[in-house]
Amino acid sequence: MFLINCPFCGERDQSEFSSGGEAHIVRPKQPTELSDDQWAEFLFMRKNIKGVQFERWNHSHGCRKWFNVVRDTSNDKIHSVYKMGEKPPVK
Amino acid sequence: MSDLRVHKTKYINETKRVSFKYDGKNYFGYEGDTLASALLANGVHLIGRSFKYHRPRGIMTCGSEEPNAICQISDKNDLTEPNVRATELEIYDGLEAFSQNCWPNVKFDIGGINNLISPLIPAGFYYKTFMWPKSFWKKIYEPLIRMSAGLGKSPTEPDPDIYDHKYVHYDVLVIGGGLSGIISAKIAAKSNLKTLLVDDKKTLGGSTIYQSNDSFKIDDQHSSKWLEKEINEISEIENLTVKTRTSIAAYHGYNYLLARENLTDHLSIKDKKDKIRQRLWKIRAKKVIVATGSIERPLVFNNNDRPGILLSNSINKYLDYYGVACGTNIILFTNNDSAYETAISLHKKGIKNLIVDLRKNSQSEIAKQAQNLGIKIYFNHVVTNTFGYRKINSVELMELSDDGNTTIGNKIKLNCDCLGISGGWTPMVHMHTQSGGKLDFKNDDQVFIPKEIDNDQISVGACNGDFDLETIIDKTVNKINIFLEINNQDYKNTKVGCSIEKEKRNIWLLPNKIPLGKTKCFIDFQNDSTAKDIKLALKEGFRSIEHVKRYTTTGMATDQGKLSNMHALGIIADTAGVKMGTLGTTTFRPPFTPLTFGTIVGRNVGKFFEVVRKTSIHDWHVDNKAKFENVGQWKRPWYYPKNGETMHDAVQRESKAARDSAGILDASTLGKIDIQGTDASEFLNRIYTNAWSKLSIGKCRYGLMLNEDGMVYDDGVTTRLAENHYLMTTTTGGAANVLGKLEDYLQTEWPELDVYLTSVTDHYSTASVCGPNSKKIINKIFPELDLNDEDFPHMSFKNTKLDNINCRVMRISFTGELSYEINIESKYGKSLWEKCINAGQEFNITPYGTETMHLLRAEKGFIIVGQDTDGTMTPSDLQMDWIVSKKKYDFIGKRSLYRSDTIREDRKQLVGLLTDDPKEILEEGAQIVSDTNTKPIDMLGHVTSSYFSPNLNKSIALAVVRSGKNMKGQKLIIPMKNKNINVTVSDTIFLDKENKRLNA
Ligand SMILES: [Zn+2]
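Protein chains in written order, with the numbering used here: chain H, 52 to 142; chain L, 11 to 1010.
Quick look at the structure:
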């Protein structure tokens, strides 16, 4: 049970949040122009890193805002938290 | 005072006698006794039978690591509790405890025959033997295993006790109230840090508090006296909270810990009543200091498990803390100095004892003290066997060879009534590893010690591998100052005098002349695994410690291998010829000691177990005898049985009434999302498969929502209330997820859209009136409202008033009947409903529940997302291509609709099924095949919805069938247990294909 520093509410218990998987996967603007393989890349392919990973989280039992988290999946250390649309920190 | 209660201590209140029952027999103890100390004072050692061989077992330790003395408390169906450690349970008036694992009783045990056939029960025996023949499993093997094994019995009634949860935040949490824990907590609290100190015992002080040997002094006092003074000062310290009888169950990441506080377990049955039994503390601490100490290791030799064999230091604690002698003629078998403290203590109380020491000698101060007192010491000797069935009566010693690999010389036989064993000390690193910490192996003491992980946690004292008094105090004080970034001088000048252990000798499996195969050298006492089992596992090719552990079940009992893990590792390392540190260790997982379910769930039991959502009309449904069904958290009327009707009869009646005259459904639970903003239409275009821009104000439209993978996700009717204002309905169960999904897209993919979403599910109640007479009923309720088909057609809505209360009336239909849904502010829901019922009385308006709703919609072939779909169905699979816009450039899931997989012709597709026998009702979930002769039988699909339609007077079903779209008229088979049912593929719409009834 880690603590997550919601950029809108502050530090809260993990149980208030839900994870939304890998961050910075942008929905293609023109899906119809993509081949099956290109679309599948967007649709299915997700990294599963042991180590530092960029993730989406939602404060689902709080402000309901989505934001990004940089988390080390090997020890759950959260390195940084930033709002949607903001530039990810460099590793 | 019994003969074995040999001296007075301040922890035992001899003015308060406590009576208790053990295995039906009455005993007395004193306030302050544990069940174990009280039984030992009564001369009772034999307390159970071992798990596999049913060997007699006795009390072995004095704490949470106890493998043998586990018992069943009370025999009442609601209060009985298994696996309670007698070494931790404080006795109280009225306590009734039973030995576990024995049948018919502890002294005569039928399972003991396993002991005689034990050569036939090697490691992995259960895996190997009880596998086949398969048919034996249910009737022979399982009952046999269950009867002869099993650790206690579960209560059969709900737990009547009250449990509590509490959330707390501290600057510093100290785990363990021994010497280093107390020093740490005091330093922290005095440095103005809000500190919590927890200890699982009833008194603080750990093992130092009963340490009375002259060799151990702090500031020129006995270490116990010094610590007592330190403890006495604690109550005056601000910022320091002390919780005794509180043990940490789990240490999670981010310094989040769970602690179980025992509040009433030690009270008499009378005093327990109506009080909170246990409290689960949910602790967040900025910094955690682990000071959990160490536990003594046993030694592994032949027959090391007889009653009367205890850990050496436990004998010391029973003597100096509880005042109880574990025997009158005691032998201490050790590889280290700590047993000498026990020997001297026993000697001082006049109890005959001698020492058998693996080491060639010991030059320490305490060893000399023992020698000077005339205590006989056999150096360089090893116990090779023990004797005595229900209790030890003698041991056999032999001399050790120089390298320690074999025994030499003649056997020496010595009588005794108790054997203390000590194989050294194992730091309790459980907390550290539970939190994710790694371990280092320290060769000197053959122990694993914590590897520092971060600056939020530290281990001090014996759990850090520091064993002598001087090092403990010195290192604790220094480390705590650095850890807390403070400069506390309180203990800087503390003078410590102590005996230092110089000689060390560790042998994991002691040598014996008897071949290993003929010995019983126990490693895991609770699960009955022996050194032989470990070696057999290695011989059979197991290498990973985790595999050996599971194969031999070593360390897998309720004590989680507190005593056994190190020996298992040691023997594996020795056998495989590798260094101990390179093997790794098994992972310690929470809970540290077992937790009752009551503690885990706290107050969330009974009606507080889960949130229950009720509509504002709920009470009416209850008054009218509705049977309810859970839909998500909602309670929805399922059907309304009349005069003892069965469910089938009620549903048939309700369904018929709805089509013949009028029915009414509480539709309040449907999810409702208010959508506003200048881009609301564009937003709907993107999330639904069909087009929304042209929907005029006042009109409603059915929409299908997909996942990005093209699979149907949710559906519902959305109404355009104003230019930039829509009201979306979702399925009852899907409401929260749909809102979450929509928010996700708005916030992350399309932040440029001006759209605001608000959940209004609970804001409105909905009565849905349907049937050929529904228009007349609505007219009676809203006489002002023009219900003319031209002015108020199907799929439109009107604002109106009911006694000055605003209402929305929508002409939408999920039954295929003429139908009106009235939305009103929730608090008026019941009054609206009653008005409908009254107005409908002359038309026999019939309230119907979800079952009838499902039947009526199935007659019309309307899908239920989640029943006829399962996350693998595209709109095309559902034969709903009509709702997918060809013109729209994009919507969620569009691109996926022509992936190579989604355009396959042979996908499972929704079809109707008609049974050849119209009375035969199919089972939902039943498999569908076309040929039962070719094996393996080709499975084509399954039945998703099935009902007997009273309106068509025949059975109807929906199903998903491979390539089903093109199979209309084809015969298929539903193979059931006793028969095959013949069916014909049909259209999915069974009733009123022309939709005439909508405008009836
Ligand atoms: Zn928030």
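Quick reminder that beta carbons are idealized off the backbone N, C-alpha and C, glycines included.
The alpha helix (DSSP H) enclosing residue i, as first and last residue numbers
i, result
"Y561 (chain L)", "555-562"
"T860 (chain L)", "860-869"
"S324 (chain L)", "322-330"
"W90 (chain H)", "87-95"
"H628 (chain L)", "628-633"
"N242 (chain L)", "233-244"
"G608 (chain L)", "607-611"
Residues of its chain near residue i, where Cβ-Cβ distance is below 7 Å and the 5 sequence neighbours each way are ignored
i, result
"G475 (chain L)", "P437, K452, D455, V457, I459"
"L520 (chain L)", "L309, V310, F311, V392"
"A195 (chain L)", "V184, T205, L207, L250"
"K981 (chain L)", "N992, T994"
"G333 (chain L)", "R15, V16, H17, K18, T19, I22"
"S234 (chain L)", "T218, I219, Y220, Q221, S222"
"R972 (chain L)", "D916, K918, L950, G951"
"E930 (chain L)", "S965, I991"
"N93 (chain L)", "I80, L161, G162, T568, P604"
"E934 (chain L)", "V953, T954, S955, S956"
"V506 (chain L)", "I228, L479, E480, I483"
Cutoff 6 Å; reference residue i; Cβ partners in own chain excluding five residues on either side
i, result
"Y350 (chain L)", "I376, A377, A380"
"W702 (chain L)", "S691, L694, N695"
"K624 (chain L)", "K645"
"L923 (chain L)", "A967, A969, V993"
"D926 (chain L)", "N992"
"K297 (chain L)", "V182, D466"
"K31 (chain L)", "E106"
"T254 (chain L)", "D209, K212"
"A636 (chain L)", "P647, Y650"
"A74 (chain H)", "F105, E106, R107, N119"
"V727 (chain L)", "C710, Y712, T739, I822"
Limits of the unbroken beta strand (DSSP E) element including residue i
i, result
"T954 (chain L)", "951-959"
"A583 (chain L)", "Where A583 (chain L) is concerned, there is no enclosing beta strand (DSSP E), although the alpha helix (DSSP H) it sits in stretches over 575-586."
"A969 (chain L)", "964-972"
"C81 (chain L)", "80-83"
"C428 (chain L)", "428-432"
"A269 (chain L)", "266-272"
"N833 (chain L)", "829-835"
Spatially closest choice to residue i from the options, by CA coordinates
i, options, result
"S60 (chain L)", "L:G935, L:E852, L:G162, L:S829", "L:G162"
"I873 (chain L)", "L:V722, L:Y173, L:I325", "L:V722"
"L593 (chain L)", "L:F552, L:L268, L:V632", "L:F552"
"G360 (chain L)", "L:G186, L:I385, L:E869", "L:I385"
"L605 (chain L)", "L:D464, L:T912, L:W291, L:K1006", "L:W291"
"D464 (chain L)", "L:V953, L:T443, L:L356, L:I482", "L:T443"
"G215 (chain L)", "L:I468, L:D229, L:I244, L:N976", "L:I244"
"P79 (chain H)", "H:G113, H:E92, H:M52", "H:E92"
"P799 (chain L)", "L:K682, L:S829, L:F824", "In the sequence as displayed, the identity of residue 799 (chain L) is Asp instead of Pro. Closest option to D799 (chain L), Cα to Cα, is L:S829."
"P168 (chain L)", "L:E306, L:N272, L:N854, L:E91", "L:E91"
"S784 (chain L)", "L:Y908, L:M863, L:N1009", "L:N1009"
8 Å Cβ shell around residue i - same chain, five flanking residues per side excluded
i, result
"T564 (chain L)", "I533, D534, N537, S539, D543, I544, V558, G571, S574, N575, A578"
"T504 (chain L)", "I228, D229, I483, V487"
"T417 (chain L)", "V392, T394, M408, E409, L410, S411, P521, N522, K523"
Any chain C beta carbon closer than 9 Å to residue i
i, result
"R122 (chain H)", "Included in the structure are the protein chains H and L, with no chain C among them."
Review point. Who's in the neighbourhood of ligand 1, going by beta-carbon under 5 Å from any heavy atom, listed in chain order?
Key: Any residue whose Cβ sits closer than 5 Å to a heavy atom of ligand 1 makes the list: H:C57, H:F59, H:C60, H:H110, H:G113, H:C114.
Review point. Are the segment 94-103 of chain H and the segment 115-129 of chain H touching by the rule of at least three beta carbon pairs closer than 8 Å?
Key: yes
Exercise for review: Could you say if the segment 642-660 of chain L and the segment 799-812 of chain L meet the contact criterion of at least three C-beta pairs nearer than 8 Å?
Suggested key: The segment 642-660 of chain L is not in contact with the segment 799-812 of chain L.
Practice item. Assess, as a yes-or-no matter, whether the segment 779-788 of chain L is touched by the segment 672-679 of chain L under the definition of 3 or more beta carbon pairs within less than 8 Å. Key: yes
Practice item. Would you check if there are 3 or more beta carbon pairs closer than 8 Å linking the segment 711-719 of chain L to the segment 900-907 of chain L? Key: yes
Practice item. Specify whether the segment 163-173 of chain L and the segment 595-610 of chain L touch according to this definition: at least 3 beta carbon pairs, one from each stretch, less than 8 Å apart. Key: For the pair of segments examined, the segment 163-173 of chain L was found to touch the segment 595-610 of chain L: the number of CB pairs separated by less than 8 Å reaches three.
Check your understanding: Taking three-plus beta-carbon pairs below 8 Å as touching, is the segment 65-72 of chain L in contact with the segment 85-99 of chain L?
Key -> yes
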